[in-house]
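K.L.:
Take a look at this one; I'll ask things after.
In this note's numbering, the protein residues as written are 37 to 183.
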């Protein structure tokens, strides 16, 4: 999974940010397979739900989220044969603390939503853990539920 917030650049204004998010659906298959209906992948649906909350969080900070299309976030996800679900949008008039708040929320909440949708009784920390710890945690869950 990835959540990236970077300056929008170009003619979008100095305090405009690009919000890029994605989840590797194949990577979460050991956790999600057999636990959802066709077309209702918990990882993809979880990312959609998290991104709606990120938009709401942006609005509560006085920023303006805007839907955009394009390849502004290309190259973030590895270009392997994996199946990725990704979304992007623009955040105009973003305050300085907003990106950190978004990242801290999004990563943890996506995992919580996946576990809830799959009816798994796993506890996630309330705040973001280090990338290495997070990778190990996800791998451990894949081993545990991928049997």
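We put the beta carbon where it would ideally sit given N, CA and C, even for glycine.
(1) Put residue 69 into one of helix, strand or coil per three-state DSSP.
(2) Using a Cβ-Cβ cutoff of less than 6 Å, which residues in the same chain neighbour residue 118 once the five nearest sequence positions on both sides are dropped?
(3) By the 10 Å Cβ neighbour count, where 16 or more other Cβ atoms means buried, how is residue 104 classified, buried or exposed?
(4) For residue 116 and residue 130, what's the separation of their Cα atoms in angstroms?
(5) To the nearest angstrom, how far is it from the Cα of residue 150 to the Cα of residue 141?
(6) List the residues that DSSP assigns as beta-bridge partners of residue 151.
(7) Would you kindly work out how many angstroms separate the C-alpha atoms of residue 93 and residue 50, rounded to a whole number?
(8) Distance check for residue 107 and residue 66, CA to CA, integer angstroms please.
(9) Expressed to the nearest angstrom, what Euclidean distance is found between the alpha-carbon atoms of residue 55 and residue 44?
(10) Residues in the same chain with beta-carbon distance under 7 Å from residue 83, minus the five sequence neighbours each way, listed in chain order, please.
(11) If you follow the alpha helix (DSSP H) that residue 82 is in, where does it begin and where does it stop?
(12) Here's the rule: buried if 16 or more other CB atoms are within 10 angstroms of the residue's CB, otherwise exposed. What is residue 78?
(13) Where does residue 134 land, buried or exposed, given buried means 16+ other C-beta within 10 angstroms?
P.N.:
Considering the structure as presented:
(1) coil
(2) 60 and 62
(3) exposed
(4) 33 Å
(5) 14 Å
(6) Bridge partners of residue 151: none, in fact.
(7) 20 Å
(8) 29 Å
(9) 9 Å
(10) 57, 59, 121, 123 and 146
(11) 78-96
(12) buried
(13) buried
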